[in-house]
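Asker:
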Amino acid sequence: MTPPPEDDLDRMMAVMERAFDPAWGEAWNRRQVSDSLAFAHTHYRLAGVDGAVPAHGQPAAGFTLVRAAPGEEELLLVAVIPTARGRGLGTLLISQAIEDARARHAERLFLEARHNNPAIGLYRKLGFEPVGSRRDYYRTPDGSKLDAITFAYRI
Numbered sequence: 001m002t003p004p005p006e007d008d009l010d011r012m013m014a015v016m017e018r019a020f021d022p023a024w025g026e027a028w029n030r031r032q033v034s035d036s037l038a039f040a041h042t043h044y045r046l047a048g049v050d051g052a053v054p055a056h057g058q059p060a061a062g063f064t065l066v067r068a069a070p071g072e073e074e075l076l077l078v079a080v081i082p083t084a085r086g087r088g089l090g091t092l093l094i095s096q097a098i099e100d101a102r103a104r105h106a107e108r109l110f111l112e113a114r115h116n117n118p119a120i121g122l123y124r125k126l127g128f129e130p131v132g133s134r135r136d137y138y139r140t141p142d143g144s145k146l147d148a149i150t151f152a153y154r155i
């Protein structure tokens, strides 16, 4: 797969820097995102504040990063800048990830979230069900360990 245009990677990283609180240590670095996107089975979607794909050179307000495997997909990242939250952009991005997974014939879409992530309410509202947990999966910058909850959406 051809890597994404540098402009798209720049816009993803700009959203990442604003969307993820450094206290939790969840943001990916540029190399992690770039390396992930080098694989043909990894897909992304950018969105502007209005939900539309932003034109070249225009800033993004959110994005998703999804890894596909036969029969299932994993929502690796969903990010929305704080000033665009509460307007339905996260719902739109996740709904589009579900539709994209359906188009690729996935049967389930998975995601993981730290147990105290406020987005869990949104995931549940959209139909994701908890299917497991991972003890001490996340490590914060101060060394604290947090459990992850694995959610699945049946397509």
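According to full-length UniProt numbering, the sequence shown holds residues 1 to 155 in order.
Just so it is clear, CB atoms sit at the ideal spot from N, CA and C, and this is done for glycine as well.
Between the stretch 98 to 106 and the stretch 134 to 142, do at least 3 Cβ pairs fall closer than 8 angstroms?
Answerer: The stretch 98 to 106 is not in contact with the stretch 134 to 142.
Asker: For the putative contact between Ile98 and Leu109, defined by C-beta atoms under 8 angstroms, what is the C-beta separation to the nearest angstrom?
Answerer: Correct: roughly 6 angstroms between the Cβ atoms.
Asker: Relative to the alpha-carbon of Gln32, which residue among Arg18, Pro54, Leu9 has its alpha-carbon at the smallest distance?
Answerer: It is Leu9.
Asker: Who are the near neighbours of Ile155 in its chain, counting only those whose CB is closer than 7 angstroms to its CB and skipping five residues on each side?
Answerer: Cβ neighbours of Ile155 beyond the five flanking positions: Ile98, Ala101, Arg102, Ala106, Glu107, Arg108, Leu109.
Asker: Hey, could you find the ends of the alpha helix (DSSP H) Ala103 is sitting in?
Answerer: Where Ala103 is concerned, the enclosing alpha helix (DSSP H) stretches over 89 to 103.
Asker: Between the beta-carbon of Ile94 and the beta-carbon of Leu126, is there less than 8 angstroms?
Answerer: Cβ distance < 8 angstroms, so Ile94 and Leu126 count as in contact.
Asker: By Cβ distance, which residues of its chain are closer than 7 angstroms to Gly51, with the 5 residues on each side in sequence left out?
Answerer: Cβ within range, chain order: Leu89, Leu92.
Asker: Would you kindly report the start and end of the unbroken alpha helix (DSSP H) that includes Gly132?
Answerer: Not the alpha helix (DSSP H): Gly132 falls in the beta strand (DSSP E), residues 129 to 139.
Asker: Could you give the distance in angstroms between the alpha-carbon of Ala148 and the alpha-carbon of Leu76?
Answerer: The straight-line gap from Cα to Cα measures roughly 13 angstroms.
Asker: Taking the alpha-carbon positions, what's the Leu111 to Glu6 distance?
Answerer: Roughly 26 angstroms between the two C-alpha positions.
Asker: Provide the residue span of the alpha helix (DSSP H) that contains Gly121, from first to last.
Answerer: That run of the alpha helix (DSSP H) goes 120 to 125.
Asker: Can you give the beta carbon distance from Ala60 to Arg11, rounded, assuming they're within the 8 angstroms contact cut?
Answerer: That pair is a contact at about 4 angstroms.
Asker: Counting only the same chain and skipping the five closest in sequence on each side, list residues whose C-beta sits under 8 angstroms from that of Asn116.
Answerer: Leu146, listed in sequence order.
Asker: With DSSP run on the structure shown, which of helix, strand or coil describes Ala19?
Answerer: Here Ala19 sits in helix by DSSP.
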